[in-house]
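Q: Count along the sequence shown from 1, add 70, and you get the number used in this note's numbering.
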Amino acid sequence: MAEVIAVGSDHAGPELKSAILEFLTARGLGTLDLGVPLGTRVSSYPEIAAKAVRAVLSGEARFGILVCGTGIGMSMAAGKAEGIRAANCLNEFMARMARAHNDANILALGARVLGSSLALAVVESFLDTPFEGGRHRERLDLFN
Ligand code: RB5
71 MAEVIAVGSD HAGPELKSAI LEFLTARGLG TLDLGVPLGT RVSSYPEIAA KAVRAVLSGE
131 ARFGILVCGT GIGMSMAAGK AEGIRAANCL NEFMARMARA HNDANILALG ARVLGSSLAL
191 AVVESFLDTP FEGGRHRERL DLFN
């Protein structure tokens, strides 16, 4: 069965969320759309972040991808949950490191920071990079 990726955004990012959902579907991945819908004028990013946290911790989704204006609020809100390692990534290098060294399970993106083609490249790097384990596992065990 295809891996499922949960994707959510606040009102700053439904367009980028749609582009990410399309990109994931084209890659043969399953998707879970956590909202908010296009046209939403106001929303609260912690509510969407909580949905992604639940989807990842329950195993319903392998990863979460969360979009807000900067990626900051989403990464802060999701990262408070035990067992969640949320990374706000601005480029492909950060996305690779977030997976390889930090075993991130939620990727946060800023729709007002990244253009959509860079954002999709960041998503691709995140999904394509495995966790290296070893000494990085030991470091994660110190806080996680
Ligand atoms: C919403 O205007 C904005 O504050 C939010 O999308 C996000 O950037 C918060 O971190």
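Glycine included, every Cβ here is placed at the ideal spot set by N, Cα and C.
Whole alpha helix (DSSP H) runs in the region 103-155 with 4 or more residues, listed along the chain?
A: Listed in chain order, they are 115-128 and 142-149.
Q: Between which residues of its own chain and Gly149 is the CB-CB distance below 8 Å, once the five residues before and five after are set aside?
A: Contacts found: Arg155, Ala156 and Ile176.
Q: With distances taken between CB atoms, is the gap from Met144 to Ala120 smaller than 8 Å?
A: No, the pair does not count as a contact, with Cβ atoms beyond the cut-off.
Q: Quick check on Val192: does DSSP put it in helix, strand or coil?
A: Three-state DSSP puts Val192 in a helix.
Q: Would you identify the three-state DSSP class for Leu94, choosing helix, strand or coil?
A: Helix.
Q: Starting from the Cα of Glu202, find the closest Cα among Ala125, Val183, His171 and Gly141 and give me that residue.
A: Closest by alpha carbon: His171.
Q: Assign Ala89 to one of three DSSP states: helix, strand, or coil.
A: Three-state result, Ala89: helix.
Q: Using DSSP bridges, identify the partner residues of Ser186.
A: Bridge partners of Ser186: none, in fact.
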